[in-house]
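Enquirer: As given, the protein sequences belong to chains Z and E, one line each in that order. Residue numbers for the first sequence follow my numbering, so the first one is 581 and each next one is one higher. Residue numbers for the second sequence follow my numbering, so the first one is 3 and each next one is one higher. Note that CB positions come from ideal geometry on N, CA and C, so glycine has one too. Owing to the predicted nature of the structure, the values given are computational and were not obtained by experimental measurement. I am attaching a structure below and will ask some questions about it afterwards.
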Amino acid sequence: MSRKFFLVLSGLIIISLLAACSPQATPTPAAQNTSAPPAPSKPTGYGATLAAIQARGKVVCGVHTELLGFGYLDENGRNMGFDIDFCRAVAAAVLGDPEAIEAVPITAADRGPVLQTGEVDMVTRNMTWTSKRDAEWGNFTWITFYDGQGFLVPKASGINTLEDMNGATVCVTTGTTTEKNLATAFSDAGLTYEAVTFEETSAVYSAYEEGRCDVATSDKSQLAAVRAGFQNPDDHAILPMTISKEPLTPAVPTGDDQWLDIVKTVIWGLINAEEYGITSANVEQMKSSENADVRAMLGAEGEADWGYTTLGLKADALAKAIAAVGNYGEIYDRYFGPSGIAFTLDRGLNNLWTDGGLMYAPPIK
Amino acid sequence: MLRAEQPSRKIPIWRDERALKVVAQVISSLAILGLLYWLIDNFLVITQQRGMPLTYGFLKEAAGFPIKESFIPYDSTMSFGRAVLVGLINTLVVSAGGILFATLLGFIIGLMRLSSNWLISRIALAYIEFHRNIPLLVLLFLWYFGIFTKLPGVQQSITIPEILYINQRGFYLIWPRLVEGGMIFLAFSLTGVILAVIAWVVLRHIREVRGKETYFGRVSLAILVLVPLMGWFISGSHPVQLDVPILQGYNFQGGLRLTTEFTALLIGLAMYTSAFIAEVIRSGIQAVNKGQIEAAKAVGLNSTQVLMLIIIPQAMRVIIPPLISQYLNLTKNSSLALAIGYQELFAIGKVTINQAGRAIPVFILIMATYLIISLITSLILNIYNKRVQFIER
Numbered sequence: 581m582s583r584k585f586f587l588v589l590s591g592l593i594i595i596s597l598l599a600a601c602s603p604q605a606t607p608t609p610a611a612q613n614t615s616a617p618p619a620p621s622k623p624t625g626y627g628a629t630l631a632a633i634q635a636r637g638k639v640v641c642g643v644h645t646e647l648l649g650f651g652y653l654d655e656n657g658r659n660m661g662f663d664i665d666f667c668r669a670v671a672a673a674v675l676g677d678p679e680a681i682e683a684v685p686i687t688a689a690d691r692g693p694v695l696q697t698g699e700v701d702m703v704t705r706n707m708t709w710t711s712k713r714d715a716e717w718g719n720f721t722w723i724t725f726y727d728g729q730g731f732l733v734p735k736a737s738g739i740n741t742l743e744d745m746n747g748a749t750v751c752v753t754t755g756t757t758t759e760k761n762l763a764t765a766f767s768d769a770g771l772t773y774e775a776v777t778f779e780e781t782s783a784v785y786s787a788y789e790e791g792r793c794d795v796a797t798s799d800k801s802q803l804a805a806v807r808a809g810f811q812n813p814d815d816h817a818i819l820p821m822t823i824s825k826e827p828l829t830p831a832v833p834t835g836d837d838q839w840l841d842i843v844k845t846v847i848w849g850l851i852n853a854e855e856y857g858i859t860s861a862n863v864e865q866m867k868s869s870e871n872a873d874v875r876a877m878l879g880a881e882g883e884a885d886w887g888y889t890t891l892g893l894k895a896d897a898l899a900k901a902i903a904a905v906g907n908y909g910e911i912y913d914r915y916f917g918p919s920g921i922a923f924t925l926d927r928g929l930n931n932l933w934t935d936g937g938l939m940y941a942p943p944i945k
Numbered sequence: 003m004l005r006a007e008q009p010s011r012k013i014p015i016w017r018d019e020r021a022l023k024v025v026a027q028v029i030s031s032l033a034i035l036g037l038l039y040w041l042i043d044n045f046l047v048i049t050q051q052r053g054m055p056l057t058y059g060f061l062k063e064a065a066g067f068p069i070k071e072s073f074i075p076y077d078s079t080m081s082f083g084r085a086v087l088v089g090l091i092n093t094l095v096v097s098a099g100g101i102l103f104a105t106l107l108g109f110i111i112g113l114m115r116l117s118s119n120w121l122i123s124r125i126a127l128a129y130i131e132f133h134r135n136i137p138l139l140v141l142l143f144l145w146y147f148g149i150f151t152k153l154p155g156v157q158q159s160i161t162i163p164e165i166l167y168i169n170q171r172g173f174y175l176i177w178p179r180l181v182e183g184g185m186i187f188l189a190f191s192l193t194g195v196i197l198a199v200i201a202w203v204v205l206r207h208i209r210e211v212r213g214k215e216t217y218f219g220r221v222s223l224a225i226l227v228l229v230p231l232m233g234w235f236i237s238g239s240h241p242v243q244l245d246v247p248i249l250q251g252y253n254f255q256g257g258l259r260l261t262t263e264f265t266a267l268l269i270g271l272a273m274y275t276s277a278f279i280a281e282v283i284r285s286g287i288q289a290v291n292k293g294q295i296e297a298a299k300a301v302g303l304n305s306t307q308v309l310m311l312i313i314i315p316q317a318m319r320v321i322i323p324p325l326i327s328q329y330l331n332l333t334k335n336s337s338l339a340l341a342i343g344y345q346e347l348f349a350i351g352k353v354t355i356n357q358a359g360r361a362i363p364v365f366i367l368i369m370a371t372y373l374i375i376s377l378i379t380s381l382i383l384n385i386y387n388k389r390v391q392f393i394e395r
């Protein structure tokens, strides 16, 4: 009996060995999900993300959990924020449910690796779009927030200009564009400084609040978010100067053009919705709007395809996204508007192009 | 008949135990090799596919990020490679300091734990249990955010005028600095130290061989003092100036500065590891045969002599092996500095990953570096360990 057992066992080992050695067995994650051979014009990986999400029933987003307004947890432990809403919008468009997200908390330094390894479906964690990151990390989708780097100082310090900061200690998050902009700004001006760097955003500002640093630097929106959370926000001021361009953009891993297009289109949909006056409240009525473009965008019956067939979505995908999180302006106001949950931040560059801002998305048609 | 018998005697190959053993070994080693091949091949294919080549050319690119503490010249225009080197040196410095303090503290606490005085023994016990049962990261946060950043601000520094200034930015200490002719003095001092060590070793050896007192302690002490003194006068009697920290602008300048982050990490690491070392020391000492101590007392050695000449030398051979792993732990734990803003190897490695966009090559580099540091540490201690083991004749 033991001989038989041994024979069977060795047979199994040989079989598994052969299976492991054969080159076809090398699983490339991109190819894993495409059981049918892809259409010749489309590269490997096209459509893999959507298929995986539909099988999983969830969109996995790399997010912030400690930045008021952008990505944080409310008192019930629910992921909330401007960035999170874009993740929810995508989930609503793809799966029909804004709650079907898995929010993975990541640090600033993790953003590149999780994109490169494809660990998440998208990163929505106030991330600046740069050419190098686009080349090396993943595909950036569409700018959701135009930001710039500024400085947070205690009002009592009397600091107003960059020159005032000569020799100062600056708190900054490690692994960010902020860190490099800071170095460039100071060396261009011929000034010196000392950087105290932390990996966790929360550590940066608690060190600043304790007085470990004279100045904290980051994107102005982030500084506003942090300042609002301080014990005495009025003791601190954000200097008017801006030392960099920070276009904050959600990104997806490379290799799946369909998925890139889906996320971009959802963001365009939210921006266009504001332009057309479509809100979460009136999205159903708007399906019978007089404007044919609006009807098509919301997937009313008998209207033209805005590309959803190729993207593998349903006709009302954008309508679902708008119904779930509202249009771009609604999302902005929810967190940063005059009666926003987080704090009030002037819309400035983030106004629609029709209102003198930079928010301009390709038409949905 | 003969023909019919022979095949039945000969064991068929698939029942021959020796053959089966060989086959089993071949198969299992092939399976392991196959698994390894599959893993590595998969890894290479994927890195290729995702445009993450395993090259190190990026180490020559400009880093662009600042590093607060560096023992070699560094600024943000220098290369990633240089930044990683700065990180490595920072790791080595904090580990060496941590090992030194942890050993001293661990030794003291370990001896206290064995004290016959109830209170001293319990204090040591409380110290050990406190540190052993709280995660190191929590302790580091406690030291950094709980204590050091709560120190007074720069303007309100705790001050011993012109000697020591303590504030939340760090500890600023008056420190000697070499001025003109300082190198001569430094050279003489170094020579003095070397000569003193040689004198100690040689004279002590002579005493052991001849059995005659050679006063090796006093002679080497004299050399240690006199030679640098000669250097002092030759170099024009002012080779060293005391550098006093002065408040300029936002921070103190001059003197020796230990930043809050460095100090918090050093203290946190040293105290945490000392609790483990104390237990190692205690167990080592308790492993010494009681008869040895009784015999030592019987021949009239006092308690210090019993400790230094009988107990410790014998305890060392039990202590060294676990001590090595504590040292390695301390070195590896220094990577937690990331959380409290001290930029050592791992912290700088992570920034490099982010700024250069090369996760896998940098992680391989970091792992290899820690491995090399650990192997060198073990090698040195293993050599020492061989010396303290019983020499069997």
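Would you mind telling me which residues of chain E sit closer than 7 Å to A901/Z, beta carbon to beta carbon, in chain order?
Expert: Under the 7 Å cutoff, chain E gives no residues; its nearest Cβ is about 29 Å from A901/Z.
Enquirer: Any Cβ of chain Z within less than 8 Å of the Cβ of F45/E?
Expert: Chain Z contact via Cβ: absent.
Enquirer: Would the beta-carbon of L325/E fall within 8 Å of that of I279/E?
Expert: yes
Enquirer: Chain E beta carbons: is any one of them nearer than 8 Å to that of D677/Z?
Expert: Taking 8 Å as the threshold, the shortest C-beta distance from D677/Z to chain E does not fall below it.
Enquirer: Is there at least one Cβ from chain Z nearer than 8 Å to G359/E's Cβ?
Expert: yes
Enquirer: Which residue's Cα is closest to the Cα of S380/E: Q357/E, S327/E, T354/E?
Expert: The shortest C-alpha separation from S380/E is found at S327/E.
Enquirer: Tell me, to the nearest whole angstrom, how far the beta carbon of A341/E is from that of L142/E; I am working on the premise that it is less than 8 Å.
Expert: 6 Å
Enquirer: Which of helix, strand or coil does DSSP assign to P617/Z?
Expert: The predicted model places P617/Z with a pLDDT of 47, which falls under 50 and marks its position as unreliable; any figure quoted below should be read in that light. Three-state DSSP puts P617/Z in coil, outside helix and strand.
Enquirer: Could you tell me which chain E residues have their CB closer than 7 Å to the CB of G791/Z, listed as they occur along the chain?
Expert: Near G791/Z (Cβ distances below 7 Å), the residues of chain E are G155, Q170.
Enquirer: Which first and last residues belong to the beta strand (DSSP E) in which F816/Z is found?
Expert: It is worth fixing the name first, because residue 816/Z is His in this sequence and not Phe. 816 to 818 is the extent of the beta strand (DSSP E) around H816/Z.
Enquirer: My guess is that A895/Z and V863/Z are in contact by the Cβ rule of under 8 Å, so how many angstroms apart are they, rounded?
Expert: About 14 Å; that fails the 8 Å criterion.
Enquirer: With a 10 Å radius around its C-beta and 16 neighbouring C-beta atoms as the bar for buried, classify V229/E as buried or exposed.
Expert: buried
Enquirer: Pull the bridge partners of M702/Z from the DSSP assignment, please.
Expert: According to DSSP, M702/Z bridges with C641/Z.
Enquirer: Within 8 Å (strictly less), CB to CB, does I366/E reach chain Z?
Expert: no
Enquirer: Show which residues of chain Z have a CB atom less than 7 Å away from the CB atom of T151/E.
Expert: A787, E790, R792
Enquirer: Verify the CB distance criterion: does V700/Z have a CB-CB separation below 8 Å to chain E?
Expert: no
Enquirer: Could you pull out every residue in the same chain whose Cβ sits closer than 8 Å to the Cβ of T216/E, ignoring the five residues on either side in sequence?
Expert: L205, R206, I208, R209
Enquirer: Going by DSSP in three states, C667/Z sits in which element: helix, strand or coil?
Expert: helix
Enquirer: Which bits of chain Z does L340/E rub up against, with CB to CB less than 7 Å?
Expert: E779
Enquirer: Quick check on the burial criterion: 16 or more other C-beta atoms within 10 angstroms. Buried or exposed for L311/E?
Expert: exposed
Enquirer: For V156/E, count neighbouring C-beta atoms within 10 Å of its own C-beta (all shown protein chains included) and say buried if the count is 16 or more, exposed if not.
Expert: buried
Enquirer: Compare the C-beta of S798/Z with all C-beta atoms of chain E and state if any pair is closer than 8 Å.
Expert: no
Enquirer: If you run the structure through DSSP and keep just helix, strand and coil, what is G778/Z?
Expert: Sequence check: residue 778/Z is Phe here, not Gly. In the structure shown, F778/Z sits in a strand (DSSP, three-state: E or B).
Enquirer: Three-state secondary structure (DSSP) at D77/E?
Expert: coil
Enquirer: List the residues of chain Z that F109/E touches, going by C-beta distances under 9 Å, in chain order.
Expert: What F109/E touches in chain Z: nothing, since even the nearest Cβ is about 34 Å away.
Enquirer: Terminal residues of the continuous alpha helix (DSSP H) containing A805/Z?
Expert: 800 to 809
Enquirer: Determine whether the Cβ of P68/E lies closer than 8 Å to any Cβ atom of chain Z.
Expert: yes
Enquirer: Counting along the chain, where does the beta strand (DSSP E) carrying T161/E start and finish?
Expert: 160 to 162
Enquirer: Which chain E residues are close to W717/Z, counting only those with a beta carbon under 9 Å from its beta carbon?
Expert: G359
Enquirer: Starting from the beta carbon of S767/Z, find every residue of chain E whose beta carbon is closer than 9 Å, and list them in chain order.
Expert: D77, S78, T79
Enquirer: Between the Cα of I396/E and those of A298/E, G359/E, T354/E, spot the shortest distance and give me the residue it belongs to.
Expert: Nothing about residue 396/E can be reported from this structure: the residues present for chain E run from 3 to 395 only.
Enquirer: Closer than 8 Å, Cβ to Cβ, to anything on chain Z: give me those residues from the region 247 to 271 of chain E, in chain order.
Expert: Q250, G251, Y252, N253, T262, E263
Enquirer: Measure from the C-beta of Q27/E to each C-beta in chain C and report whether the shortest distance is under 8 Å.
Expert: Absent here is chain C; the protein component of the structure consists of chains Z and E.
Enquirer: Determine the direct distance from the alpha carbon of E19/E to that of Q27/E, and round the result to whole angstroms.
Expert: 12 Å
Enquirer: Scan the region 739 to 761 of chain Z for residues whose Cβ lies nearer than 8 Å to a Cβ of chain E and list them as they occur along the chain.
Expert: Within the region 739 to 761 of chain Z, the qualifying residues are N746, G747, A748, T749, T754, G755, T756, E759, K760.
Enquirer: Of all Cβ atoms in chain E, is any one closer than 8 Å to the Cβ of N931/Z?
Expert: no
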